[in-house]
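Going by the working numbering, the final residue of the sequence shown carries number 313, and the count climbs one at a time with no gaps.
Structure first, commentary second.
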Amino acid sequence: MKGSRSLPAALARWVESVLGPVQVLRDASHARADSRVWEVAGRAGRHYVKLAPRPVLYTRETRAYREAVPRLGFANAPVLKDSSAQLLALVLTAVDGRPLKGAAASPARRRAAHQQAGRLLRLFHEALPRPRAAAEAEAAHAVEATRAGLEKHITGAGDHLSPAEADMLRRLVSSLPALGPLPFGLLHGDLWERNMLWNGRRCALIDYERSAPGPLVADFVRLATAVWPDHPDLRTAMFAGYGRDLSAAERQALVAFAAADAASALAHGPRLGDAEVTVRGRRTVERLVREGWR
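Here's what the structure looks like:
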């Protein structure tokens, strides 16, 4: 239950076996039915307790914290204290900072945060613990899944997409296979300012439940559709930290992935009553039409 100041009984017993007696400071869940996160404190300090919505997301997040996140360096991400496959639960150390989304950061500090995030993202992208051949196959599958899933999202969007707009999205997404193999690595999977913590000096990345091998450019879609149109300086800062800009093929792929994301946003946003997601999808479609990417 959202707003709960107590942990479910089985979860509380497990957490206290890890941390000792704790007090729940707040329910830190996002405004989604499947988000269940609590901030707790005790002798071991502040931690976050997270219940993964599904086993696959638990597996992805625990694997990321064990195999890739340590490469980001001290205080640049939470540390996995312990996990329970039975409960789909994780105990994570608290990281100093607040989500950059909504934070009162000056333009200069916001640019600094994005530049630091770009550096951390590059480190994460290069942290492929599994054989590269298997990761490359997963990345190729992710591209195909994006193309194959488009029609379902267009149908789900209903009247939020005109027939002409739907055809435009189909044409853009259908260009992905022709771009050939794209640079791939371990994706964060949900990179946007809510998952970038900023304490005024340092940026940290959180929330790795959607991490998986994929085409690197796919990690920039949320920023490219929701932030960069109004703040191109943040795009410059991100890639300055990342250490390289996108290739010509990746720039084309970014447009295609943005088109797929718009269809998904217009299918899910209205259904979930999420105005922010709906607006993001609508703005992306209008931008694609306005800039002539037909």
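By construction, the Cβ of each residue, glycine as well, lies at the ideal position given by its N, Cα and C atoms.
> Under the three-state reduction of DSSP, which class applies to Arg55: helix, strand or coil?
Replying inline: strand
>> Using 8 Å as the cut-off, can you tell me whether the stretch 144-155 makes contact with the stretch 171-180, which would need three or more C-beta pairs spanning the two stretches below that distance?
In response: no
>> Below 8 Å on the Cβ atoms is my contact criterion, and I expect Leu111 with Lys100 to pass it. Report the Cβ-Cβ distance as a whole number of Å.
In response: 6 Å
> Who are the near neighbours of Arg189 in its chain, counting only those whose CB is closer than 7 Å to its CB and skipping five residues on each side?
Replying inline: Same-chain partners within the cutoff: Leu169.
> For the alpha helix (DSSP H) that Phe143 lies in, which residues bound it at each end?
Replying inline: Pro126 to His144
> Does the beta-carbon of Gly92 have 16 or more other beta-carbons within 10 angstroms, so that it is buried, or is it exposed?
Replying inline: By the Cβ neighbour-count rule, Gly92 is exposed, with fewer than 16 other Cβ atoms within 10 Å of its own.
> Start and end of the beta strand (DSSP E) containing Gly204?
Replying inline: Phe203 to Leu206 is the span of the beta strand (DSSP E), which, as asked, contains Gly204.
>> Taking the beta carbon of Val298 as the centre, do at least 16 other beta carbons fall within 10 Å, making it buried, or is it exposed?
In response: exposed
> Just how far apart, CA to CA, sit Ala68 and Tyr227?
Replying inline: The sequence given here has Val at residue 68, not Ala. Computed Cα separation, rounded: 14 Å.
> At what residues does the beta strand (DSSP E) containing Tyr67 begin and finish?
Replying inline: Gly64 to Leu70
> Relative to the alpha-carbon of Ala231, which residue among Ala127, Ala243 and Phe203 has its alpha-carbon at the smallest distance?
Replying inline: Ranking Ala127, Ala243 and Phe203 by CA distance to the CA of Ala231 puts Phe203 first.
>> Quick check on this structure: which residue in Met215, Asp293 and Pro118 has the alpha carbon closest to the alpha carbon of Met257?
In response: Of the candidates Met215, Asp293 and Pro118, the one whose C-alpha sits nearest the C-alpha of Met257 is Met215.
> When the Cβ atoms of the stretch 209-224 are set against those of the stretch 275-285, are three or more pairs found closer than 8 Å?
Replying inline: no
> Excluding five sequence neighbours on each side, which residues of the same chain lie with their C-beta closer than 6 Å to the C-beta of Tyr77?
Replying inline: Ala71 and Leu107
>> Would Gln42 and Val56 be called neighbours here (beta carbons separated by less than 8 Å)?
In response: No, Cβ-Cβ distance for Gln42 and Val56 is not below 8 Å.
>> In whole angstroms, give me the CA-to-CA distance for Gly233 and Glu163.
In response: 11 Å
>> With distance defined between alpha-carbon atoms, name the residue in Gly260, Tyr261 and Trp211 nearest to Lys315.
In response: Residue 315 cannot be examined here, being either before or after the span of the chain that is shown, 20 to 313.
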